[in-house]
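Enquirer: Taken in order, these protein sequences are the chains called A and B.
Per the working numbering, the first sequence starts with residue 88, numbered consecutively.
Per the working numbering, the second sequence starts with residue 182, numbered consecutively.
A virtual CB, placed ideally from N, CA and C, is assigned to each residue, including glycine.
I'd like to ask some things about the structure below.
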Amino acid sequence: MLTCDEYLTPTSLDEAFAAMAAHRGRHRLIAGGTDILPWAREGRAGDVDVPVLIDITRISELTERKVAAGRVRVGAATPIQRFLDDKAIATAMPCMPRCAIWFADDQIREQATIGGNLANASPAADGVPPLLAHAAGVELASKRDGRLMRRLLPLNKFILGSGKTALADDEIMIAIECDALPGYGGSFEKVGHRRSLVISVVCLAGLVKLDASRRRFEDVRLALGGVCPVPQRLTEVENFLRGAAIDSGRLERAAAMPLDFVQSRTRREYRREVVHGFVMRGLINALRRAGADADVLKPELEAAYA
Amino acid sequence: MPDLRIDAIINGRKVSRTAKPWQRLIDFLREDLHLTGTKEGCGAGECGTCSVFVDGVLVKSCLMPVAKAQGARIDTVESLGRNELSVLQKAFHKAGASQCGYCIPGMVMAATSALRANPFADREEIKERLGGNVCRCTGYQKIVDAVELARDVVNGRISATALEEEETADGRFIGANVRRLDAPSKVSGALKYAGDMVMANMLHVQVLRSPHAHARIVSLDISEAAAMDGVEAVITSEDVPGVDGFGVFVHDQPVMARGKVRYVGEAVAAVAAEDVVTARRALAKIKVVYEPLPAVFSVEEALRPGAPVLHDYAPDNVTKHIPVRVGDVARGFAESDLIVEQVYETQAVEHAYLEPEAGLAHVDADGVVTIQSPSQNITHHRHMLARILALPINKVRMIMSPVGGGFGGKEDMIYQGMLAILAIKTRRPVRLVFTREESIASTAKRHPSKTTLKMGLTLDGRIRAVEFNMVCDGGAYGLSTEGVMRKAAILGAGPYNIPNLKMDTYGIYTNNTPSGAFRSFGALQAQFATESHLDICAERLGIDPFEIRRINAMRPGSKTHTKQPLKSASLLAALKAVAQASGWEKGPPTSRGEARRDLGGPGNRPSCTLGSRIDGAPGQARDEVA
Ligand SMILES: Cc1cc2nc3c(=O)[nH]c(=O)nc-3n(C[C@H](O)[C@H](O)[C@H](O)COP(=O)(O)OP(=O)(O)OC[C@H]3O[C@@H](n4cnc5c(N)ncnc54)[C@H](O)[C@@H]3O)c2cc1C
Ligand code: FES
Ligand code: FES
């Protein structure tokens, strides 16, 4: 069980930084708590006493959401469920609603935050592949010598390994930023032991943009999670498809490209097979949602990977 | 340690109280406000029994620090149907959606949330929206039926009279849909399970458990723990007054480890303290020195000559061997045209009842030690406990609290002894509630089994001989192993006429978590082997799998393998019904026809998808209702 002597709920960044400075080395940030609370149980960390917990969810800047001038900015304390039910965000980030529906369950999505998901940096964090596909950046802030410092790190520079990030212990993650990608078709494929409440054995985020003919890829973005310490973009596959005409042979060849990402210690063969199927399915689903011309996407192909 | 101030509107009433900074919302609701309709099935976000509304949004209160409730409006299951059950609660009652009931308040909350979000949700969407809630009893179908029924009443498609009890024809109940009498108490969250019960001046118990699979206890020092503020008592096996030992058949398990531990998770000592946190901190202060012993983790290791011995009384590590002999198998095999031999293995299975073990004990005014717990075997427990406590039986009382799922897993008296001793020692009521992890680590599992099955048949599919050898991992203590082996031996060869049978079942001690009773009590593991084997034999003989069973089926007048004459036998009727209901296409197991395809055939489920909410048919009415 998780115990603490003090639970602080600052409502401004200033208050939060003051609390962090006052309890330096004795505090831990908490957002939704959906990673921290289960972590402090038998079989994992066991009973943990953190002298001071600092809850960052009532700091307004951390819950703001904005889509403007082709950019999306989402506060770090945004619950996952908002990616499903906030229309503006869902349109600008087409694979996020698909990711959200697979994330935990209806209740936990209202509690779990996107910032917590990134900061926890699990290899199976479902929020990471879609945000990598969006080329998202993470804004971190600290107060040093009385001055508010902010830095924006690309997500792939923020997550450094399983459970490791570039977050300094006097920093708070403020927001996630990325390009708005309306008009892209988005997909999120996930497999675990069951549908809800499950850790991804493999997950894949896909984003596809078509050219005016609706028969050719203008842009393709794929990112894979669950199989390596840090989720990865499939840049080679993306390059192979970008600008190409959509045809089943090319999709098959793309999915068959050797992917040496699968580093998990368990069920490697299974994971490799799933990755192959997910690249196909992720592309097909994203193509369909991007409005690909009906006769380039053969129904047999769709059925085979449905 | 500054307490938190919590001002909130809880079930419509203003609440202003202090809370400990580490408390979760579920602790505040259950322990401080006694709103025990909110259950703790797992404490880790996995089961949904703790679901409550916070500002109208359904969350899991086991994952929410209570500080987040400051200023919020909180609605628990107790807020629903205050004067009269809500439509959903009535629908759960009508549809027979509650069994043990432990998951039901959470289910009702999740369903309420689902229908608020979309009173036109289809079955698929309902299932998705209930995805965060686990039920171990119902198989979910009736729960989803209930939500569909409520949905149609809520959205006006059908009249509320559909929620009323159906008339039973002239008072006959067999064949009629009868509502369960206990359902209202479950759908409302009013029913108190042992972990929901409190008594004035009650202490909280926590148990120190072994980290070793097999070790000698060199020394056990409780002095520092016992001296802590807030700790009332610390007990070990030395505090057991009578004959220390329990088990459904052999009494080989001490209340707490005596001299040595035999599995990871075995109770070593127990603490009773003013609150759970103090009790847990006291556990950390108990000093145990172990000397690890060689351990055995499989039946093969346990049966090897010279293997480490778990119990002195069983130097061969055999808990129980049950033989059954009919006819002469050597002759039967000689008469056979086909002999098939295979090995079948099954694994340990956790019961995972939604209610973790819990019990409340006190000594009443007449000196009667009274224990309330979801025990599936109170009379036997009472007898064993009287011996353990060295009390006359009329000074021991066992009350069976509502069982939030048992499935056989609550037949073992693994914690009631500690509670009784602590109640006697402290003269205060004591309560122990297991965590989910503790429940999984320390309680019985289904026996892992390994069966070597040799069957001889004639070409027309008649069984001539069976040699059946099943070896089960009984784990560190006997529990129900003896009975499980007996049942496996009696029923394992199936409801088939077998003229020559040699059946042996063995329960073996190992240093694994003890195995015990679990639905079907050994028959399942054995039947898995027998039924799989019949399919393989049918394939080898080119016979329809239903046919091979019909050919060999026991009929009225047949004798079972243990010589019981059968006055009636329903296997043939059951086979017929199954063949019909499944649309069985005749042919040996390997044949593939129009209906018997692997995937995509009629009645097959589509592959696993989610997102009916995103992809739902456009134009569907989705007005929000309050
Ligand atoms: C039953 C269950 C099911 C789950 N299912 C899924 C799933 O399907 N997919 C998935 O990806 N995850 C899943 N999770 C994990 C978890 O819900 C997510 O990782 C969630 O996004 C964590 O967010 P949080 O706000 O709850 O984090 P918290 O537990 O509050 O914090 C996690 C970590 O992040 C740090 N942190 C949080 N916010 C900030 C910030 N703004 N700045 C700096 N540091 C911060 C905290 O200090 C802590 O170290 C599940 C968890 C449970 C219990
Ligand atoms: S989800 Fe909260 S107790 Fe299981
Ligand atoms: S009725 Fe659902 S767990 Fe028992």
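Determine whether the beta carbon atoms of Leu517 (chain B) and Arg645 (chain B) lie at a separation below 8 Å.
Expert: First, the residue type needs correcting, since residue 517 (chain B) is Ser and not Leu in the sequence shown. Against a cut-off of 8 Å, the Cβ pair of Arg645 (chain B) and Ser517 (chain B) comes out as a contact.
Enquirer: If you follow the beta strand (DSSP E) that Gly273 (chain A) is in, where does it begin and where does it stop?
Expert: Where Gly273 (chain A) is concerned, the enclosing beta strand (DSSP E) stretches over Gly272 to Val278.
Enquirer: Using the beta-carbon count (16 or more within 10 Å), is Glu323 (chain A) buried or exposed?
Expert: By the neighbour-count rule (16 or more Cβ atoms within 10 Å), Glu323 (chain A) is not buried but exposed.
Enquirer: Can you tell me which residues form a DSSP beta bridge with Ser554 (chain B)?
Expert: Its beta-bridge partners are B:Met581.
Enquirer: Checking contacts by CB at 8 Å: is Leu321 (chain A) closer than that to chain B?
Expert: Output row for Leu321 (chain A): interface = no.
Enquirer: Can you give me the C-alpha to C-alpha distance between Val477 (chain B) and Leu484 (chain B), rounded to a whole angstrom?
Expert: Cα-Cα distance, rounded: 9 Å.
Enquirer: Using a Cβ cut-off of 9 Å, pull out every chain A residue sitting near Ala331 (chain B), in sequence order please.
Expert: Within chain A, no residue comes near Ala331 (chain B); the closest Cβ sits about 17 Å away, beyond 9 Å.
Enquirer: Check this for me: beta carbons of Gly688 (chain B) and Gly655 (chain B), under 8 Å apart or not?
Expert: Yes, the pair counts as a contact, with Cβ atoms nearer than the cut-off.
Enquirer: Pro246 (chain B) CB to nearest chain A CB: under 8 Å?
Expert: Yes, contact with chain A.
Enquirer: Using a cut-off of 8 Å between C-beta atoms, extract the partners of Arg461 (chain B) located in chain A.
Expert: Here the neighbours are Met88 and Asp134.
Enquirer: In its own chain, which residues sit with a C-beta less than 6 Å from the C-beta of Ala331 (chain B), not counting the 5 before and 5 after it?
Expert: Same-chain partners within the cutoff: Val268, Leu269 and Ala272.
Enquirer: Ligand 1 and Thr121 (chain A): does the residue's C-beta get closer than 7 Å to at least one heavy atom of that ligand?
Expert: It does: the Cβ of Thr121 (chain A) is within 7 Å (strictly closer) of some heavy atom of ligand 1.
Enquirer: Which two residues bound the contiguous alpha helix (DSSP H) that contains His562 (chain B)?
Expert: Looking at the DSSP string, the run of the alpha helix (DSSP H) that includes His562 (chain B) is Ile559 to Leu570.
Enquirer: Is Thr230 (chain B) near ligand 2 - that is, is its Cβ less than 7 Å away from at least one heavy atom of it?
Expert: Yes, ligand 2 has a heavy atom inside 7 Å of this Cβ.
Enquirer: Using only CA atoms, which one of B:Gly282, B:Lys501, B:Gly590 and B:Thr500 lies nearest to Glu531 (chain B)?
Expert: When only C-alpha atoms are compared, the closest one is B:Gly590.
Enquirer: Do you know how far the Cα of Phe301 (chain B) is from the Cα of Arg803 (chain B)?
Expert: Here the model assigns Arg803 (chain B) a pLDDT of 37, short of 50, so the residue's position is not dependable, and the following value carries that caveat. Roughly 6 Å separates the two Cα atoms.
Enquirer: For Phe649 (chain B), list the residues DSSP reports as bridge partners.
Expert: BP columns for Phe649 (chain B) point to B:Leu634 and B:Met684.
Enquirer: Taking CB distances under 8 Å as the criterion, tell me whether Pro537 (chain B) reaches chain A.
Expert: Answer no: the Cβ-Cβ gap between Pro537 (chain B) and chain A never drops below 8 Å.
Enquirer: Any beta-carbon of chain A closer than 8 Å to the one on Cys284 (chain B)?
Expert: Cys284 (chain B) does not count as touching chain A.
Enquirer: Out of B:Lys757, B:Asn681, B:Glu712 and B:Pro422, which one is the CA nearest neighbour of Gly508 (chain B)?
Expert: Nearest C-alpha to Gly508 (chain B): B:Asn681.
Enquirer: How about Ala278 (chain B) and Lys323 (chain B): are their beta carbons less than 8 Å apart?
Expert: Cβ atoms of Ala278 (chain B) and Lys323 (chain B): closer than 8 Å.
Enquirer: Using only CA atoms, which one of B:Val470, B:Leu261, B:Ser197 and B:Glu472 lies nearest to Lys367 (chain B)?
Expert: It is B:Leu261 whose Cα lies nearest to the Cα of Lys367 (chain B).
Enquirer: Under the DSSP definition of a beta bridge, which residues are partnered with Leu291 (chain A)?
Expert: According to DSSP, which records beta bridges pairwise, Leu291 (chain A) is partnered with A:Glu276 and A:Leu311.
Enquirer: Going by the C-beta, is Cys182 (chain A) closer than 7 Å to any heavy atom of ligand 2?
Expert: For ligand 2, not one heavy atom lies less than 7 Å from the Cβ of Cys182 (chain A).
Enquirer: For Thr200 (chain A) versus Gly119 (chain A), is the C-beta spacing smaller than 8 Å?
Expert: In this structure, Gly119 (chain A) lies closer than 8 Å to Thr200 (chain A) by Cβ.
Enquirer: On the three-state DSSP scale, how would you describe Glu227 (chain B)?
Expert: DSSP places Glu227 (chain B) in coil when its eight states are reduced to three.
Enquirer: What three-state label does DSSP hand Cys265 (chain A) in the structure shown?
Expert: Reduced to three states, the DSSP call for Cys265 (chain A) is strand.
Enquirer: By Cβ distance, which residues of its chain are closer than 6 Å to Ser326 (chain B), with the 5 residues on each side in sequence left out?
Expert: Per the sequence shown, residue 326 (chain B) should be read as Asp rather than Ser. Hits under 6 Å: Ala276.
Enquirer: Counting C-beta neighbours from all protein chains within 10 Å, is the total for Lys668 (chain B) 16 or more, i.e. buried, or is it exposed?
Expert: That one is buried.
Enquirer: Is Leu660 (chain B) helix, strand or coil by DSSP?
Expert: Coil at Leu660 (chain B), not helix or strand.
Enquirer: If you count every other CB in all the chains shown that lies within 10 Å of the CB of Thr121 (chain A), and 16 or more means buried, which is it?
Expert: It counts as buried.
Enquirer: Would you mind reading off the limits of the alpha helix (DSSP H) that contains Met236 (chain A)?
Expert: Note, Met236 (chain A): premise wrong, no alpha helix (DSSP H); beta strand (DSSP E) at Arg234 to Pro241.
Enquirer: Hey, does Ser232 (chain B) have any beta-carbon neighbour from chain A nearer than 8 Å?
Expert: So, interface residue.
Enquirer: Any residue with its C-beta under 6 Å from a non-hydrogen atom of ligand 4 counts. Can you list them all in chain order?
Expert: In the structure shown, ligand 4 is absent; the only ligands present are ligand 1, ligand 2 and ligand 3.
Enquirer: For Lys591 (chain B), verify whether its CB is less than 7 Å away from any heavy atom of ligand 2.
Expert: For ligand 2, not one heavy atom lies less than 7 Å from the Cβ of Lys591 (chain B).
Enquirer: Which partner residues of Met260 (chain A) appear in the DSSP bridge assignment?
Expert: According to DSSP, which records beta bridges pairwise, Met260 (chain A) is partnered with A:Leu227.
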